[in-house]
Structures are given as structure tokens and as C-alpha cells.
Amino acid sequence: MDSLQHSPRSVPLPSTIARPVEHELVVKRSRFLTLLHPVESVAEAESVIARVRKEHWDARHHCTALVVGTHADQQRSSDDGEPSGTAGIPMLEVLRHRHVTDLVAVVTRYFGGVLLGAGGLVRAYSNAVSETLDLAPVLRRAIMVEVTVDVPHAEAGRIGNILHEWCQTHGAVLEGADYAAVATFRLLVPPGHLAELDADVASASSGAISPALGDSRVVDVPA
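Per my numbering, residue 930 is the first one in the sequence shown, and the count goes up by one each step.
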């Protein structure tokens, strides 16, 4: 079996959110309406922003921050008319601090007639995003390796049960099985457990069966 060389970075991957979440924060009569929306690209994020602008056309500000990419490679923010550095960057800093990616934050502000000052605006926009993230269902991301295990049909039930139990105790995923000339079980396995899987399968089959490595890919799992 080919040994895995494309191991993940030592730093954990940023997490993301499972679905859009909205939240309202009121500060001195100003309303801060926050939308967090999962996205897969900057273009998709811009589409979400455009939709919010259209929906809340009468609001004074639509401040934004977005982080996109498996390793949070693309980051953008906008103060949208608020004093420079009081909205978009504080929002983006929350996303960075919370180590999330592939989402856009849009905070729509309806002015309440009371000036908040630069410090007040920074706190309000930061808190708006932070409180909304607290409400969001988070998905942890991990790099997993695609593995297939070919098993004779006569052994499929026994080995299948062993693989199912093995995945439950090793943070792996048994995606399913295909039945043709042999039964082929499809797994997603953390790179650090590949050698253990190889040894355990060999032990269960008296050395007759060896897992085969495929590509690695990013997988979202509930946090």
C-alpha cells in the first residue's frame, strides 16, 4: 500500500457554518441586523451582499466582511460609509479570531439618531458578528484520505462490521459500499490513522486484505 505523503498542515483548518444565521443587536436605538451566510467563492459572497442591499434598501449602511478558501486565503471587508476602520475591519477580525472561513458577514445598520463614536461603532459591529456566530451551527473541517477496501463477498458482512466500528472509534467515515465482483467499502480516514487502519485490516483478514489509498479532500463534520 502506498504511504501517504500529502499530509495536512499542522495548523487546524478553519471551520465554517452549516447554514445562514441572522441576529439583531440594538445599541442606543441604532439597529444592527447581521446576516452570516456560508459561501464558496467571493462572487457568491458579493451576490449575498447585493441581495441584502436590495432587501434593506432604506438602511444607511451595509458593512461587510468575508473570508473564503480552505485556508482562509481570501479576505475582504468594507465600512460602507462608516468612519474608516470602525466596521469592516472589526467584523473581519472577529471572523479571523474565531478561525472560520467560507462565509460572508453583512451588518445592516439603521441609524437611531445617537452618534456612537468610533469606539462605539467598533464595539457594535464586532459584537454584532460575534453574537451571530454564537448562534451559528459550526462545521469542523478536516483533511481526510479516501480509502477503499476490497473484500470477498463471503467476508463482506464481518469485515464491514469491523470497519464500521473502527470508523466510530478513529474519527473516520464509512461512506458506503459497492458490490460487484467484490464488496468495495469506501472510507474517509484521518491521515494519522492510516497505518493503524492498514494494520487492523491485515489483522482481521490474516493479511489477505489491504486498504488502497486515494486522494485527500476536505470534509465538513459537526463540531
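All C-beta atoms in this analysis are idealised placements derived from N, C-alpha and C, irrespective of residue type, glycine included.
Exercise for the section: State yes or no: is the C-beta of Ala1034 within less than 8 Å of the C-beta of Met1020? Expected result: Against the sequence shown, residue 1034 aligns to sequence position 105. Against the sequence shown, residue 1020 aligns to sequence position 91. The answer is yes: Cβ separation under 8 Å.
Problem - Proximity of Arg1146 and Glu1075 at Cβ, strictly below 8 Å - result: Taking the first residue of the sequence shown as 1, we reach residue 1146 at position 217. Taking the first residue of the sequence shown as 1, we reach residue 1075 at position 146. Between Arg1146 and Glu1075, the CB-CB gap stays under 8 Å.
Practice task
Give the straight-line distance between the Cα atoms of Pro949 and Ser1055, rounded to the nearest whole angstrom.
Solution key: Start at 1 with the first residue of the sequence shown, and residue 949 comes out as number 20. Start at 1 with the first residue of the sequence shown, and residue 1055 comes out as number 126. In this model, Pro949 and Ser1055 are separated by some 18 Å (Cα to Cα).
Handout entry: Given 8 Å, three or more beta-carbon pairs between the stretch 941-959 and the stretch 1017-1032
Key = In short, these stretches touch, since the Cβ pair count reaches three.
Handout entry: Cα-Cα separation, Ala1141 to Pro1151
Key = Residue mapping note: residue 1141 aligns to position 212 of the sequence shown, counting from 1. Residue mapping note: residue 1151 aligns to position 222 of the sequence shown, counting from 1. So the two alpha carbons sit approximately 27 Å from each other.
Problem - Rounded distance between the beta-carbons of Val1036 and Ala1057, thought under 8 Å - result: As a working mapping, residue 1057 is identified with position 128 in the sequence shown. As a working mapping, residue 1036 is identified with position 107 in the sequence shown. Between Val1036 and Ala1057 the Cβ distance is about 5 Å, and since that is below 8 Å, they are a contact.
Handout entry: When Gly1010, Glu1104 and Gln1004 are compared against Ser970, the one with the closest alpha-carbon
Key = Taking the first residue of the sequence shown as 1, we reach residue 970 at position 41. Residue Gln1004 holds the alpha-carbon nearest to the alpha-carbon of Ser970 among Gly1010, Glu1104 and Gln1004.
Practice task
Would you mind stating whether Ile1091 and Ala1128 have Cβ atoms separated by less than 8 Å?
Solution key: Residue mapping note: residue 1091 aligns to position 162 of the sequence shown, counting from 1. Residue mapping note: residue 1128 aligns to position 199 of the sequence shown, counting from 1. No, these two residues do not count as a Cβ contact at 8 Å.
Exercise for the section: With a threshold of 16 other CB atoms inside 10 Å of the CB of Asp1144, please say whether the residue is buried or exposed. Expected result: Locating residue 1144 in the sequence shown gives position 215, where the first residue counts as 1. By the Cβ neighbour-count rule, Asp1144 is exposed, with fewer than 16 other Cβ atoms within 10 Å of its own.
Exercise for the section: Would you give the residue range spanned by the beta strand (DSSP E) that Ser944 belongs to? Expected result: Here residue 944 is taken as the residue at index 15 of the sequence shown, counted from 1. Element bounds for Ser944: n/a, residue is neither H nor E.
Practice task
Following the continuous alpha helix (DSSP H) through Arg1087, name the residue where it begins and the one where it ends.
Solution key: Taking the first residue of the sequence shown as 1, we reach residue 1087 at position 158. The continuous alpha helix (DSSP H) containing Arg1087 extends over residues Ala1085 to His1099.
Handout entry: Rounded Cβ spacing between His966 and Val977 (contact assumed at less than 8 Å)
Key = In the sequence shown, the residue the question calls residue 966 occupies position 37. In the sequence shown, the residue the question calls residue 977 occupies position 48. Sure, about 5 Å apart at Cβ, within 8 Å.
Handout entry: Endpoints, beta strand (DSSP E) assigned at Thr1061
Key = Mapped onto the sequence shown, residue 1061 falls at position 132. In the DSSP assignment, Thr1061 falls outside any beta strand (DSSP E) and within the unbroken alpha helix (DSSP H) covering Gly1046 to Leu1064.
Handout entry: Where His1122 sits in the DSSP three-state scheme
Key = On the sequence shown, residue 1122 is found 193 positions in, with the first residue counted as 1. Taken through DSSP and simplified to helix, strand or coil, His1122 comes out as helix.
Practice task
Drop a sphere of 10 angstroms on the beta-carbon of Leu1126, count the other beta-carbons inside from all chains shown, and report buried for 16 or more, exposed for fewer.
Solution key: For the purposes of this step, residue 1126 is taken as residue 197 along the sequence shown, with counting starting at 1. Result: buried.
Practice task
Go through its chain and collect everything with a Cβ distance to Phe1040's Cβ below 7 Å, but skip five positions before and after it.
Solution key: Start at 1 with the first residue of the sequence shown, and residue 1040 comes out as number 111. The residues are Ser959 and Arg989.
Handout entry: C-alpha gap between Ala947 and Leu1062, whole angstroms
Key = Residue mapping note: residue 947 aligns to position 18 of the sequence shown, counting from 1. Residue mapping note: residue 1062 aligns to position 133 of the sequence shown, counting from 1. Straight-line Cα distance between these residues: approximately 11 Å.
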